[in-house]
Structure formats: C-alpha cells, structure tokens
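> Before we start, here is the structure in question, set down as structure tokens.
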Amino acid sequence: MSHEKRQVFLFPIFVHFLEMITKPRIALIIGIICISIFPVLVKLNYTPGLISAFYRMTIALGIILPYALYTKQLKIPETRTFILAVLCGICFGSDVAVWNIAIQESTATQASFLTNLSPVWVGIGTFFFLKPKPSVNFWIGTVIAVLGMITLVGFKFFALLSFDIGFSFGLLSGVFYATYILISKEVLAKISIVNFMTLSLISSSLFLGILSYVLGEPFNGFSNIGWFVLFIQGLVCQLLAWLSISYSTQHMRATRVSLSLLAQAILATILAWVFLNELITPQMILGGIILLFGIRLTFYDKPLVIPVRTKAKLPPL
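Here the sequence shown is numbered in the numbering used here, starting from 4 and rising by one per residue.
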C-alpha cells in the first residue's frame, strides 16, 4: 500500500477536511466559524481561562501529532524557520495568556476590543517587514472596520476605559496576535501547514503548561461536561480553525486575513444571543454591518482613491 493510500486509510475524516479547504477564502470562513465558538464555550465557565487555553493547545497537539508522525510530515526545518515556528507558538500562547489576564483585570469587552486592534498592528508590521505593502483600500477598510467595532461595543464603553494593567495587557494581546499572523506568513512559505501547526502547538503547549504550573492553575478535577468542552475547544476551536486559517495565511495577504478575523466578533455575538440569551441591540447590528463593509473593501482590488497626477509643465517658449 502506498504512502498516500495509507494516509487516507488511517485518517479519512482528517484528510477529507484538509481536501475541503482547498480555496483560501472558504478556508478562512471555516476558520472564523470555528474560532467564533470559543467565547461561548469559555463563558460556560466549566474550567479556568488559562488552563482552558493550555488544554486547547494540548488536545489539538494530541490529535495532529500522531498524524504528522505517521505521514512523516513532522520535520525539523532549517534553524531560522524552526526558531520562527517555535516563536509563533510562544506568541500565540502569550496572546491567550495576556488576554485572560486582561479579562481578569478589566472586562471582557475592553480586552476583546483591544485584542481586535490586531489588524492595525499587522498593517504596520506588513508595511515595514513584508511585501506587498498594504494598499490604500486596506487602510480605508481598516478605519471603517475599527469604526464598526467601536459601534458594536458601544460608545459608552470608551467613557469607562481604565488605562491600567488590564488595558495594557489587552493592547499587548493584540500585538502578540498580530506578531503571530506576520511570522506565520513567512514560516508557511517554507514548510507545510501540518508541520507548522505541530511545531507551534508543541511550543505553545509547553509554554502554557509551564505558565499554568507557575501560577498554580488546576490541571484536573473538572466535570465530564468540562472535559468535553475542553475537547471541543482543542479539536474545533484550535485544530480545525487554525488549519483553515493557516491555509488562508499561506495563500492570502496577512493583512486581509487579520482584518477578516474581526468577523468572529459578529458571529460570536450571534452565538451568544442564541445559546446564552445575550442581548443584541440595533446599535450592535449597525456596528456589525459597518465592520463587514470595512472588511469587504480590503478585498476590492480596484483602488478606491485614484492618486491625483500633477500636469507636466510645458517648457517656456
């Protein structure tokens, strides 16, 4: 039996999913749907936030590692790429860790909004370190999307902003998130998605495991429902979501991917309304529409603003 046939025989569902996400935009939509479930699961409060992040990474690693080993896709790349892959895992783990601290020290709304400023940092990082540079459409779309996010969370929210450790860590979470997107773009140009996911998950699992131990987080004693929720987080919110998003990052501009991920805020709000009976106001609906419109502009290739060309001066007669 050939290597390819053995691969399909052993992991038919896993391989079928990988075959489904052959179009970057479809993969991105799948990824957004998968990560939008996470806030609802966290709000169920079956497990502490930080240890929940650890098991999210570890469970995903436990699923993908046997697949990567069996199919011989787990390889140690050249030193620079390997270090960047490990750094991706640390950045992602740091993002989750400081986001949890930001929520504990302030509010979920403030922490989530500050984290969702990541497209701005991605745009700035891309301008300085990556090619192609962000287009005018991207910056216009980003401004509109951020305005939509402001409308979504409510203008009263800004009157209650507290510039303390919660604010700082919320802002830092967005920077870590943006750094992860930017670095992963470069790493995915050199190694396979499965290899990248495995290496970064090993890194983030070790990082969050050590952090949870140092902070005295409980590693067991959860209910059966709590363990089931952790498994869904690892399988759906981490593995399936970031396989899809990594594929999109590999084939699309990092700026577009990061800004499109803002759509998770809208979907998470809808899911919270359906499953947690949280209120959706007309202002939130308007904010969601503005946000989606801003995202759509970044996918519009024709320039929205045509640069003014100065007329050439004729030489004197």
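Note that CB positions come from ideal geometry on N, CA and C, so glycine has one too.
Note that this is a predicted model, so its numbers are computed, not measured.
Is it the case that the Cβ atoms of Val260 and Ser251 are separated by a distance below 8 Å?
yes
> For Phe14, which residues of its own chain have a beta-carbon under 6 Å away from its beta-carbon, when the five flanking residues on both sides are left out?
With a pLDDT of 49 at Phe14, under the threshold of 50, the modelled position of this residue cannot be trusted; read the value that follows with caution. Closer than 6 Å at the Cβ level, and outside the excluded window around Phe14, lie Tyr70.
> If you compare alpha carbons, which of Leu274, Gln286, Arg299, Gln267 is closest to Leu47?
Leu274
> Do Ser187 and Ser226 come within 8 Å of each other at the CB atom, strictly closer than that value?
Contact: no.
> Buried or exposed, going by whether 16 or more other CB atoms sit within 10 Å of the CB of Ile298?
buried
> Give the DSSP-derived three-state secondary structure of Phe248 in the structure shown.
Per the sequence shown, the amino acid found at residue 248 is Ile instead of Phe. It is helical.
> Contact check, Thr57 vs Ala105 under 8 Å by CB: the rounded distance?
It should be pointed out that residue 57 corresponds to Phe in this sequence rather than to Thr. Contact flag wrong, Cβ pair sits at about 17 Å.
> Do Gly177 and Ser121 count as a contact pair if the criterion is CB distance below 8 Å?
yes
> Rounding to the nearest angstrom, what Cα-Cα distance links Met152 and Leu264 in this structure?
12 Å
> Based on Cα-Cα distance, which residue from Phe296, Arg256, Ile293 lies nearest to Arg28?
Arg256
> If Gln253 sits next to Leu191, beta carbons under 8 Å apart, how far is it from one beta carbon to the other, in whole angstroms?
4 Å
> Thinking C-beta only, is Asn140 closer than 8 Å to Leu300?
yes
> Could you pull out every residue in the same chain whose Cβ sits closer than 8 Å to the Cβ of Leu279, ignoring the five residues on either side in sequence?
Val43, Lys46
> So for Ser226, helix, strand or coil by DSSP?
coil
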